[in-house]
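Asks: Quick one: structure below, then a few questions.
Residue numbers (the numbering used here): 70 to 354.
Structure follows, in structure tokens:
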């Protein structure tokens, strides 16, 4: 059984191209608007996952772990939750896998290489290992596509060279470390927003107050943006796809069914509504 976790669309010269990231760790591609699909075998059979069983090149070295998002199905499987299509070259792709890491293709998915240099996984014997990382979500600046951002299980990471090298830009003492969503400005690749949570074992707001953190300098410093957001008895968690930005406007929704919007890049917020069902995704049309 496959669970579709994410959808992305091809470039202007690929009018029918749709990508679907799934649990368990499949990348499916359609060139007819979703009428038919093909599994991307080079990624499915990647050496980091154990190789190609049918070609006789498989090994026992599977470095792709699982994600709790698959537990509903009674299994612990990896999942693809982020698919980035370079606006300059639609055959240039990045995907993020829980729990394996980030992979890049420059030929439309025919070949893939790992892009985990600089990432640190606190729970591995070697935190800087090639594989076994747990990106929660990655995103790319449309106007400066070499700038990529990542909210990881073990912190916030930033790359300004197309994911060849990641830099950890967490500030735990300021509450910017653990979380799920991340958004980047459409033109300025050094500006990004996160909605932090306390920790893996305490998935709730920090000290009962909800805030968005913003950086305008590539993670060198962060501002806490609280105006208009509840600061007492708030226990919201914002999932990885539930924060989005369009121009100066941001919007996010939480698992407790609250939705908030900002018209001024996060400086102030207003509530759109409460007591909705859990909000899993927010996107501007």
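Note that the Cβ used here is the ideal one computed from N, Cα and C, for glycine as well.
Here's the rule I'm using: 16 or more other beta-carbon atoms within 10 Å means buried, otherwise exposed. How should residue 320 be labelled?
Replies: Counting Cβ neighbours within 10 Å, residue 320 comes out buried, since at least 16 surround it.
Asks: Three or more beta-carbon pairs under 8 Å between the stretch 214-225 and the stretch 174-181, yes or no?
Replies: No, they do not touch.
Asks: Is it true that the stretch 190-199 meets the stretch 225-241, where meeting means three or more beta-carbon pairs spaced less than 8 Å apart?
Replies: In short, these stretches do not touch, since the Cβ pair count stays below three.
Asks: Tell me whether residue 279, by its Cβ, gets closer than 7 Å to a heavy atom of the ligand FMN.
Replies: For the structure depicted, the ligand FMN is absent and the ligand set is empty, with no information on it obtainable.
Asks: Where does residue 309 land, buried or exposed, given buried means 16+ other C-beta within 10 angstroms?
Replies: Per the 10 Å Cβ criterion, buried.
Asks: Using DSSP with H/G/I as helix, E/B as strand and the rest coil, what is residue 301?
Replies: Residue 301 falls in the coil class under three-state DSSP.
Asks: In the structure shown, what three-state DSSP assignment does residue 139 receive?
Replies: Reduced to three states, the DSSP call for residue 139 is helix.
Asks: Quick one: what's got a C-beta closer than 8 Å to residue 313's C-beta in the same chain, skipping five residues either side?
Replies: Excluding sequence neighbours, residue 313 sits near 252, 319, 320, 321, 351, 352 and 353.
Asks: Would you say residue 304 and residue 273 are within 8 Å of each other, going by their C-beta atoms?
Replies: In this structure, residue 273 lies closer than 8 Å to residue 304 by Cβ.
Asks: Please classify residue 115 as buried or exposed, where buried requires at least 16 other C-beta atoms within 10 Å of its C-beta.
Replies: By the neighbour-count rule (16 or more Cβ atoms within 10 Å), residue 115 is buried.
Asks: Would a check of beta-carbon distances place residue 182 closer than 8 Å to chain B?
Replies: Looking for chain B here will not work: only one protein chain is present.
Asks: Excluding five sequence neighbours on each side, which residues of the same chain lie with their C-beta closer than 7 Å to the C-beta of residue 315?
Replies: Counting only Cβ-Cβ distances below 7 Å, and skipping sequence neighbours, we find 353.
Asks: Could you tell me the distance, in whole angstroms, from the CA atom of residue 157 to the CA atom of residue 215?
Replies: In a straight line, the C-alpha of residue 157 is about 10 Å away from that of residue 215.
Asks: So, are the CB atoms of residue 132 and residue 151 less than 8 Å apart?
Replies: Not a contact, by the Cβ cut-off of 8 Å.
Asks: Put residue 74 into one of helix, strand or coil per three-state DSSP.
Replies: Reduced to three states, the DSSP call for residue 74 is strand.
Asks: DSSP state of residue 239, grouped into three classes?
Replies: Residue 239 falls in the coil class under three-state DSSP.
Asks: For residue 110, report the span of its alpha helix (DSSP H) as first-last.
Replies: Unbroken alpha helix (DSSP H) run through residue 110: 110-113.
Asks: Hey, out of 91, 125, 77 and 112, whose CA is closest to residue 102's CA?
Replies: The candidate whose alpha carbon is nearest that of residue 102 is 77.
Asks: Is DSSP giving residue 283 helix, strand or coil here?
Replies: In this structure, residue 283 counts as strand in the three-state DSSP scheme.
Asks: Can you pull the DSSP bridge partners for residue 97?
Replies: 89 and 108, per the DSSP bridge assignment.
Asks: I need the straight-line Cα distance from residue 336 to residue 125, nearest angstrom please.
Replies: Each residue's Cα considered, the two are about 56 Å apart.
Asks: Given that a residue counts as buried once 16 or more other Cβ atoms are within 10 Å of its Cβ, and exposed if not, what is residue 325?
Replies: Label assigned to residue 325: buried.
Asks: If we call anything under 8 Å between Cβ atoms a contact, is residue 298 one with residue 329?
Replies: Closer than 8 Å, so yes.
Asks: Is DSSP giving residue 290 helix, strand or coil here?
Replies: Looking at residue 290 - three-state DSSP - the assignment turns out to be coil, as it is neither helix nor strand.
Asks: Would a C-beta distance cut-off of 8 Å place residue 146 and residue 207 closer than the cut-off?
Replies: Not closer than 8 Å, so no.
Asks: Look at the alpha carbon of residue 342 and the alpha carbon of residue 194, and state the distance between them as a whole number of angstroms.
Replies: Residue 342 and residue 194: Cα-Cα distance of roughly 45 Å.
Asks: Indicate the three-state DSSP secondary structure (helix, strand or coil) for residue 116 in the structure shown.
Replies: Three-state DSSP puts residue 116 in a helix.
Asks: Residue 310 bridges to which residues according to DSSP?
Replies: Note: residue 310 sits in a beta bridge opposite 350.
Asks: Which class does residue 210 belong to by DSSP, given the choice of helix, strand or coil?
Replies: Residue 210 falls in the coil class under three-state DSSP.
Asks: Please report how far the alpha carbon of residue 153 lies from the alpha carbon of residue 110, in whole angstroms.
Replies: Between residue 153 and residue 110, the C-alpha separation is close to 18 Å.
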